[in-house]
Amino acid sequence: MTEEPAPAAVAPTAVATVTYDDFKKLDLRVGTIKAAERVVGSDKLLKLTVSLGSEERTLAAGLAELKSPEELVGRKIIVVANLAPRKLRGIESQGMLLAACPEGDFAKLALVSVEGGAEDGWKVY
Numbered sequence: 013m014t015e016e017p018a019p020a021a022v023a024p025t026a027v028a029t030v031t032y033d034d035f036k037k038l039d040l041r042v043g044t045i046k047a048a049e050r051v052v053g054s055d056k057l058l059k060l061t062v063s064l065g066s067e068e069r070t071l072a073a074g075l076a077e078l079k080s081p082e083e084l085v086g087r088k089i090i091v092v093a094n095l096a097p098r099k100l101r102g103i104e105s106q107g108m109l110l111a112a113c114p115e116g117d118f119a120k121l122a123l124v125s126v127e128g129g130a131e132d133g134w135k136v137y
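Convert by adding 12 to the 1-based position in the sequence shown; the result is the number in the numbering used here.
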């Protein structure tokens, strides 16, 4: 039985270095997806309702080709809570969830989530 070689690691694309002060500007919060629905007229967008503890936010996320609304409800995620709102297909997105994948391979997208007793609204450091 021959072992298949491990896939070669993809080098990350070079991006600008940010300072610690730049990083501190991000307000990353724990949230729970309370509701998810497909956006009419879009194959890619889902409209998410996310609890950040003291408030609920609407997020538009390009996940519809990868995740069903049903598998997202109840998931604990990390949200960029101080991102300027942006309208996508008529929905005002009030933040962005964090996700990871090999560079450019969105079919392998995984949501960044939290474990244990992290509560909605907790700040991520």
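In this text, a Cβ means the ideal position worked out from N, Cα and C, and glycines have one as well.
Beta-carbon contacts of residue i that lie in its chain and below 7 Å, excluding the five residues immediately before and after
i      : result
Pro-81 : Ala-48, Glu-49, Arg-50, Leu-58
Gly-74 : Lys-56, Leu-57
Gly-53 : Arg-101
Spatial neighbours of residue i in its chain, beta-carbon cut-off 8 Å, leaving aside the 5 residues before and after
i      : result
Lys-37 : Asn-94
Thr-44 : Val-62, Ser-63, Gly-86, Arg-87, Lys-88, Ile-89, Asp-132
Asp-55 : Ala-76, Glu-77
Closest Cα partner of residue i within the set the options
i       : options                           : result
Ala-72  : Val-30, Asp-39, Arg-101           : Arg-101
Ala-96  : Val-27, Arg-69, Leu-84, Thr-29    : Arg-69
Leu-110 : Leu-40, Asp-34, Gly-53, Ala-28    : Leu-40
Tyr-137 : Thr-29, Val-124, Phe-35           : Phe-35
Val-91  : Trp-134, Gly-116, Met-108, Glu-83 : Met-108
Leu-84  : Thr-29, Lys-46, Lys-135, Trp-134  : Lys-46
CB contact check: residue i to chain D, cutoff 7 Å
i      : result
Gly-86 : Absence of chain D from the displayed structure is noted, only one protein chain being present.
For residue j and residue i, the rounded distance between their alpha carbons
i       : j       : result
Ser-105 : Glu-67  : 14 Å
Thr-31  : Ala-122 : 27 Å
Glu-77  : Phe-118 : 10 Å
Lys-99  : Glu-127 : 31 Å
Tyr-42  : Leu-60  : In the sequence as presented, Tyr is not what sits at residue 42; that position holds Val. Cα to Cα, Val-42 sits roughly 14 Å from Leu-60.
Cys-113 : Lys-120 : 6 Å
Lys-79  : Thr-29  : 32 Å
Gly-65  : Ser-125 : 16 Å
Trp-134 : Asp-33  : 20 Å
Nonlocal neighbours in the same chain, by C-beta distance under 6 Å from residue i, ignoring five residues either side
i       : result
Ala-130 : Val-42
Ala-26  : none
Residues bridged to residue i (per DSSP)
i      : result
Leu-40 : Val-92
Glu-68 : Ser-63
Ala-12 : Residue coverage of the chain in this structure runs from 13 to 137, which leaves residue 12 outside it and unanswerable.
Inside the stretch 77 to 131 only - alpha helix (DSSP H) runs reaching at least 4 residues = With a minimum length of 4 residues, the continuous alpha helix (DSSP H) runs that stay inside the stretch 77 to 131 are 81 to 84.
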